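Visitor:
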Amino acid sequence: MRRLASLQSVAETETAFGGRSRVWSEIATLWVDLREGGPRETSEADQRPLLAVSAEAEARDHPSAAAGQRLVVSGDNWRVLRLIRGDPKPGRMTLYLEKEPS
């Protein structure tokens, strides 16, 4: 099922107190076919295991799309891990995603 999604890019700025501020802004609106995978455990040294949910999304190719961006679908935030242009056919792209913790 295709759903309307917002592709967003992050901008970081320095605050007046020397901290960092992250702001996400929309760069494109895409119709995507999102296929969620099952949850899996991820862990890092000396930390509790976390559940990560991955997904693939197929959409019309967009020149501004890149890894590191965020895709917002139905209120859920997905991090774009990588993308392949021309897959499954020319003019399309496949985004490999991981759900951000809410």
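This note's numbering numbers the first residue of the sequence shown as 579 and each following residue consecutively. Using N, Cα and C, we set each Cβ at its ideal position, and we do this for glycine too. Remember, it's a predicted structure, so these values are computed and weren't measured experimentally.
For residue 645, tell me which candidate among 581, 586, 579, 582 has the shortest Cα-Cα distance.
Guide: Residue mapping note: residue 645 aligns to position 67 of the sequence shown, counting from 1. Nearest of 581, 586, 579, 582 to residue 645, Cα basis: 586.
Visitor: Across the region 650-659 and the region 579-593, are there enough close Cβ pairs to call them in contact, namely three or more that are closer than 8 Å?
Guide: yes
Visitor: Answer yes or no: do residue 670 and residue 664 have a C-beta to C-beta separation smaller than 9 Å?
Guide: Taking the first residue of the sequence shown as 1, we reach residue 670 at position 92. Taking the first residue of the sequence shown as 1, we reach residue 664 at position 86. In contact: residue 670 and residue 664 (Cβ atoms closer than 9 Å).
Visitor: Applying the criterion that 16 or more other CB atoms from any shown protein chain within 10 Å of the CB defines a buried residue, is residue 610 buried or exposed?
Guide: Translated into positions along the sequence shown, residue 610 becomes position 32. With 16 or more other Cβ atoms within 10 Å, it is buried.
Visitor: Would a check of beta-carbon distances place residue 645 closer than 9 Å to chain C?
Guide: The structure shown contains no chain C; it holds only a single protein chain.
Visitor: So, helix, strand or coil for residue 683, using DSSP?
Guide: The first residue shown for the chain is 579 and the last is 680, placing residue 683 beyond what the model contains.
Visitor: Please list the terminal residues of the continuous beta strand (DSSP E) segment that includes residue 671.
Guide: By one-based count along the sequence shown, residue 671 stands at place 93. Element bounds for residue 671: 670-677.
Visitor: Kindly indicate which three-state DSSP category residue 598 falls into: helix, strand or coil?
Guide: By 1-based counting over the sequence shown, the position of residue 598 is 20. Three-state result, residue 598: strand.
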